[in-house]
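Asker:
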Amino acid sequence: MSVTDVGADKRIFLRKASGLIRTASGTDTFIYDLGLVSIGLGVGSMLYYGPAFYPQGNLIWGCVIAGVAMALISFGFITWSITLPRSGGIYVFGSRILPPALALTMSLVEISAWLFYCAIAAYWIVILALAPMFSALSLLTGNETFLSISQTMLEPWATFLIGAVILILSQVVLSFGMRFYLTVNKWVFILALASTILMIITLAMATREQFVTNLNALVGPSLGVPDAYNAIIASGKEKGWGEAGTDVWQTILVSNWPFLPLVGAAFSIAIGGEIKSVGKSQSVGMLGAVLCATVAWIITVYLAYKVFGFEFLGTAVYNVLSGNGGLTTPTDPAVALLTGILTQSPLITVLTSLGLALWMWMWIPGMHTFGVRAIVAWSFDRVAPAPLGKISETYHTPMVAITVTTIVNLIFMALFVFTPWFSKIVILIEAAVLAWSVVLAAGIFFPYLRPQLYEKSPIASKTVFGLPLMSVGCFLGFIAAQFYFWTLFFDPNAAGHDPTQLMIVAGVFVLGFVFYYVMKLIRRSQGIDVTLAFKEIPIE
Amino acid sequence: MFWRKKDKNADGEVKIFFASDLHGSNVCFKKFVNSAKFYGSDVLVLGGDLTGKAVIPIAEQQDGTFLAFQHGESVQLRDKSELDDFVKRQGNIGFYPTVMSEAEYQALRTDADAQSVLFKRLVLERVHEWAAFAADKLKGTDIPLVALPGNDDFHEIDEILTRAAHFDFHEMQVCEFKGGYQMLFCGGSTPTPWDTEREYSEEQYVARFAELLPQVGDMDRCIFNVHVPPLGTALDACPKLDEKLRVVYEMGLPAQIHAGCQTLIDIIKEHQPLLGLHGHIHEGRAKINIGKTICINPGSVYPEGILQGAMITLRHGQVTQANLMQG
Numbered sequence: 007m008s009v010t011d012v013g014a015d016k017r018i019f020l021r022k023a024s025g026l027i028r029t030a031s032g033t034d035t036f037i038y039d040l041g042l043v044s045i046g047l048g049v050g051s052m053l054y055y056g057p058a059f060y061p062q063g064n065l066i067w068g069c070v071i072a073g074v075a076m077a078l079i080s081f082g083f084i085t086w087s088i089t090l091p092r093s094g095g096i097y098v099f100g101s102r103i104l105p106p107a108l109a110l111t112m113s114l115v116e117i118s119a120w121l122f123y124c125a126i127a128a129y130w131i132v133i134l135a136l137a138p139m140f141s142a143l144s145l146l147t148g149n150e151t152f153l154s155i156s157q158t159m160l161e162p163w164a165t166f167l168i169g170a171v172i173l174i175l176s177q178v179v180l181s182f183g184m185r186f187y188l189t190v191n192k193w194v195f196i197l198a199l200a201s202t203i204l205m206i207i208t209l210a211m212a213t214r215e216q217f218v219t220n221l222n223a224l225v226g227p228s229l230g231v232p233d234a235y236n237a238i239i240a241s242g243k244e245k246g247w248g249e250a251g252t253d254v255w256q257t258i259l260v261s262n263w264p265f266l267p268l269v270g271a272a273f274s275i276a277i278g279g280e281i282k283s284v285g286k287s288q289s290v291g292m293l294g295a296v297l298c299a300t301v302a303w304i305i306t307v308y309l310a311y312k313v314f315g316f317e318f319l320g321t322a323v324y325n326v327l328s329g330n331g332g333l334t335t336p337t338d339p340a341v342a343l344l345t346g347i348l349t350q351s352p353l354i355t356v357l358t359s360l361g362l363a364l365w366m367w368m369w370i371p372g373m374h375t376f377g378v379r380a381i382v383a384w385s386f387d388r389v390a391p392a393p394l395g396k397i398s399e400t401y402h403t404p405m406v407a408i409t410v411t412t413i414v415n416l417i418f419m420a421l422f423v424f425t426p427w428f429s430k431i432v433i434l435i436e437a438a439v440l441a442w443s444v445v446l447a448a449g450i451f452f453p454y455l456r457p458q459l460y461e462k463s464p465i466a467s468k469t470v471f472g473l474p475l476m477s478v479g480c481f482l483g484f485i486a487a488q489f490y491f492w493t494l495f496f497d498p499n500a501a502g503h504d505p506t507q508l509m510i511v512a513g514v515f516v517l518g519f520v521f522y523y524v525m526k527l528i529r530r531s532q533g534i535d536v537t538l539a540f541k542e543i544p545i546e
Numbered sequence: 014m015f016w017r018k019k020d021k022n023a024d025g026e027v028k029i030f031f032a033s034d035l036h037g038s039n040v041c042f043k044k045f046v047n048s049a050k051f052y053g054s055d056v057l058v059l060g061g062d063l064t065g066k067a068v069i070p071i072a073e074q075q076d077g078t079f080l081a082f083q084h085g086e087s088v089q090l091r092d093k094s095e096l097d098d099f100v101k102r103q104g105n106i107g108f109y110p111t112v113m114s115e116a117e118y119q120a121l122r123t124d125a126d127a128q129s130v131l132f133k134r135l136v137l138e139r140v141h142e143w144a145a146f147a148a149d150k151l152k153g154t155d156i157p158l159v160a161l162p163g164n165d166d167f168h169e170i171d172e173i174l175t176r177a178a179h180f181d182f183h184e185m186q187v188c189e190f191k192g193g194y195q196m197l198f199c200g201g202s203t204p205t206p207w208d209t210e211r212e213y214s215e216e217q218y219v220a221r222f223a224e225l226l227p228q229v230g231d232m233d234r235c236i237f238n239v240h241v242p243p244l245g246t247a248l249d250a251c252p253k254l255d256e257k258l259r260v261v262y263e264m265g266l267p268a269q270i271h272a273g274c275q276t277l278i279d280i281i282k283e284h285q286p287l288l289g290l291h292g293h294i295h296e297g298r299a300k301i302n303i304g305k306t307i308c309i310n311p312g313s314v315y316p317e318g319i320l321q322g323a324m325i326t327l328r329h330g331q332v333t334q335a336n337l338m339q340g
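Residue numbers (the working numbering), protein chains in the order written: chain A, 7 to 546; chain B, 14 to 340.
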């Protein structure tokens, strides 16, 4: 046996024993979280929906508001992760303090939202990246085939098929195991980041005049107007797009769009058990991802406004989304299309469009994995059917859980494409934020209700105004999560609260409770008391 | 009760609670022993690696306070109450706290041999304490605590546990087990980056199993209690380490490798025992089938004071239930 004194200030003697590993750094955690924020997806969605729906909203301040709120939510989850440094996300946290039915329900609500995110990303890859890319290529090359491809992609059946292929590809990648997934993602991340840098450089070097000239030359003839740029703006205003300006409420509402991708910054709670110096690493990871994404978005939004113009971005999209028949670009005026028009370079168009698609792709296996891990954890706890936790002998991965979640993704995708339910199902995001609120609220009381567990936390001795640090962190996170629950609640564009939507939220919560109690009855008939899976074995 | 009472005494039924890799955690060992009553099990099976990994010297200062180390930073303990609380918490996460003078600490920190002696003394003291706790809690029951050594366990624990009441400690043996089953005991592990106490090459495992397998009467009723898991399965997936023993990360997630035993998986595939109970890889929490053999690694999160285990019911030569648990 050998003993190591790890330093005069570190009064600990270690022996050679398995498991003495130095685990993840803050940088590693940061990359993981940043990948799930998906900078490119944020750019694509906020520039698309922001100016169109919130003409008086200041998107740059919206990014700041979302960044601060997500930092507070991250702070709450960091205290949870330090106290219970285990992998599994809010299910692990909730199951230590909440009633089992509630813990399972919160987890079910959360993964429903993340699986919805998977489907949304696949959907956006088609409508915000690929279709605009082909449309731009048509404009740039004059080849009508590209336009035809773009228009075909936007047909519901084609959108569904392409999206389904993307979602099934995620299943294939995950089926081959985490190592394969990480290898794929490594290259995806590098390419996506490179494309974002390319887009930022392109925008930084371009001028409004350049864009207007190119747009008028390329789009003007098809619209039958020489000054297409101003004609689109005028058309949008005439059709009801509000005047540009500054309004605090609209700025708060537009902040929903940067907030929605920012939720990915907290996803390292899912790998909390694999992170070294969990407090420091999670802080660097989550808060670093929030800061980096927020800064990148502010720069991109600033440059996009400078080059494309706020009013143009707003009116061009508004005319599409409101279906008012107003003038707009040949296909959705997504940032990929506009960059193509700006550069008149098919190569840059393809690179920036595919980069956007790759960013969106990063969401899919990431969120998919989150759902799979939760479902496997339910199965281990006997609150879900055993096959869901079954590990494939061939691939060493939970194939059943991966397949089931893929089917759920495909159902969501079908609902987006073939029904008008997209605007209804988007409420699941709001429900996930509510689930986070519940777990963060539970964290406020955790030090008082579970003192034996909390005393093992490295932050157990840290207080703020005499209150446990975890209580303070979770309180701030709870406030921020509630802020966004209500902001989403009052924003019909990002989520909303019409009666159907509220029924969907209620339905998901009820489904969670029903699922738990049905499984409890089934297990009881098999001689198993599932509640014991959530109870702590007595010590004395 | 986790298991149906009406089945409690059913013919041929044996309920096993299995856990592994407690690594000196007092709270996890106490939970493990108490799980017999909590889950209603007939046998407790411990899959090795009972011993912990770190000594925490608590140095008494001239002003009467104590200086120690916790969670990466120095801590000052002001009085006996704080000292007792600290000692308890360190024991619960598997460390060995020991009080000494500052002068003793300063002398010890440069004397590797003295550290080794201290380490071994503290480890063996705790093993004695655990044996006494188990004897007290299981007194009056017919619930045995079956155990074998893991790769991190000093050889000196064998004698203590072999003599301990209610402990049924074996290594490199095939023994009779409740319900007319047999249990094959094979401790230690394949080589690790840490060069631990009981490591064996694949060639040595071939020889070890060659010694054990002839002792098995009926593979259909044999339980393999083998600390190392079979290679290339979900039970032995763990983080890849670099030469400095740091986890290799790819895109923020730990790269995975397999660290089990090739010989073992070959033997399981060929001989198809009833059940395989494994540990060693804390991250490898899973239940899998290798052919018709069910193999389980309950994993371990002992530093959190949470006991991970598996409840297994055997009936008429079949595994009728096998559930991963934590409590």
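Beta carbons are placed, not taken as given, at the ideal position from N, Cα and C, and that holds for glycine.
In this text, all values refer to a predicted model and were calculated from it rather than measured experimentally.
In the DSSP output, which residue or residues are listed as bridge partners for B:C274?
Answerer: B:P243
Asker: When the distance is taken between beta carbons, is A:T252 closer than 8 Å to A:Q507?
Answerer: no
Asker: Are the segment 412–426 of chain A and the segment 119–128 of chain A touching by the rule of at least three beta carbon pairs closer than 8 Å?
Answerer: yes
Asker: Enumerate in chain order the residues of its own chain whose CB-to-CB distance from B:K282 is below 7 Å, with the five nearest sequence positions on each side excluded.
Answerer: Excluding sequence neighbours, B:K282 sits near I303, G304.
Asker: Give, in chain order, every unbroken run of the beta strand (DSSP E) that is at least 3 residues long and sits entirely within the segment 106–151 of chain A.
Answerer: none
Asker: A:D233 to A:Q216, Cα distance in whole Å?
Answerer: 13 Å
Asker: At a Cβ threshold of 8 Å, is A:A539 touching chain B?
Answerer: yes
Asker: Among A:W86, A:A212, A:S141, A:A135, which has the Cα closest to the Cα of A:I277?
Answerer: A:W86
Asker: I need the DSSP call for A:S44, collapsed to helix, strand or coil.
Answerer: DSSP places A:S44 in coil when its eight states are reduced to three.
Asker: Could you check whether A:S201 and A:T306 sit closer than 8 Å to each other, using their CB atoms as the reference points?
Answerer: no
Asker: Since B:L320 meets chain A, which of its residues come closer than 8 Å, beta carbon to beta carbon?
Answerer: I543
Asker: Got a sec: is the Cβ-Cβ distance from A:H402 to anything in chain B below 8 Å?
Answerer: yes
Asker: Hey, quick one: how far does the alpha helix (DSSP H) through A:Y324 stretch, first residue to last?
Answerer: For A:Y324, the enclosing alpha helix (DSSP H) has its first and last residue at 316–327.
Asker: Just to confirm before moving on: does the CB-CB distance between A:F99 and A:V445 stay below 8 Å?
Answerer: yes
Asker: At the level of alpha carbons, what is the spacing between A:T425 and B:Q339?
Answerer: Their Cα atoms are separated by approximately 43 Å.
Asker: Note down, in chain order, every chain B residue with its Cβ under 7 Å from the Cβ of A:L175.
Answerer: Simply none; closest approach about 17 Å.
Asker: Exposed or buried, what is A:T213 when buried is set at 16 or more other beta-carbons lying within 10 Å of its beta-carbon?
Answerer: exposed
Asker: Figure out for me which residue from B:G192, B:N238, B:R139, B:V219 has the closest Cα to the Cα of B:L161.
Answerer: For B:L161, the nearest C-alpha among the options comes from B:N238.
Asker: At the level of alpha carbons, what is the spacing between A:G533 and B:Y52?
Answerer: The alpha-carbon atoms of A:G533 and B:Y52 are separated by roughly 12 Å.
Asker: With 16 other CB atoms within 10 Å as the buried threshold, where does A:I207 fall?
Answerer: exposed
Asker: Check each candidate in A:I450, A:V296, A:N262 and name the one with the smallest Cα separation from A:A500.
Answerer: A:N262
Asker: Note down, in chain order, all residues in the segment 72–97 of chain A with a beta-carbon under 8 Å from any beta-carbon belonging to chain B.
Answerer: Contact annotation: in the segment 72–97 of chain A, residues whose CB is within less than 8 Å of a CB in chain B are L90, P91, R92.
Asker: Step through the CB atoms of chain B and report whether any lies within less than 8 Å of the CB of A:E388.
Answerer: According to the sequence as given, residue 388 of chain A is Arg; it is not Glu. It does: the Cβ of A:R388 has a partner Cβ on chain B nearer than 8 Å.
Asker: Suppose you measure from the CA of B:L57 to the CA of B:S33; what does that come to, to the nearest Å?
Answerer: Their Cα atoms are separated by approximately 11 Å.
Asker: Quick one: list the residues of chain A neighbouring B:A32, beta-carbon separation under 9 Å, in chain order.
Answerer: Simply none; closest approach about 10 Å.
Asker: B:G289 by DSSP, collapsed to three states: which one?
Answerer: Collapsing the DSSP output to three states places B:G289 in a strand.
Asker: If we count Cβ pairs, one from each stretch, closer than 8 Å, do we get three or more for the segment 187–201 of chain A versus the segment 448–463 of chain A?
Answerer: Touching, no.
Asker: Which of the residues in the segment 314–338 of chain B, read from start to end, lie with their CB under 7 Å from any CB of chain A?
Answerer: V314, E317, G318, L320, N336, L337, M338
Asker: Once you ignore the five residues that flank A:L327 on each side, which residues in its own chain have a CB closer than 7 Å to its CB?
Answerer: Result list for A:L327: A58, in chain order.
Asker: Using only the heavy atoms of the ligand MN, determine whether one of them is closer than 7 Å to the beta carbon of A:F166.
Answerer: No copy of the ligand MN occurs in the structure displayed, which carries no ligand at all.
Asker: A:N415 by DSSP, collapsed to three states: which one?
Answerer: helix
Asker: Please specify which runs of the alpha helix (DSSP H), each continuous and at least 4 residues long, are wholly inside the segment 164–236 of chain B, giving them in chain order.
Answerer: Entirely contained in the segment 164–236 of chain B, the alpha helix (DSSP H) runs reaching 4 residues are, in chain order, 169–176, 215–225.
Asker: Is the segment 333–351 of chain A touching the segment 312–325 of chain A, taking contact as three or more C-beta pairs under 8 Å?
Answerer: yes
Asker: How many angstroms separate the CA atom of B:A178 from the CA atom of B:M196?
Answerer: 19 Å
Asker: Using 10 angstroms around the beta-carbon of A:W120, count the other beta-carbons present and answer buried if the total reaches 16, otherwise exposed.
Answerer: buried
Asker: Mind listing, in chain order, the continuous alpha helix (DSSP H) runs of no fewer than 4 residues lying wholly within the segment 49–107 of chain B?
Answerer: 93–105
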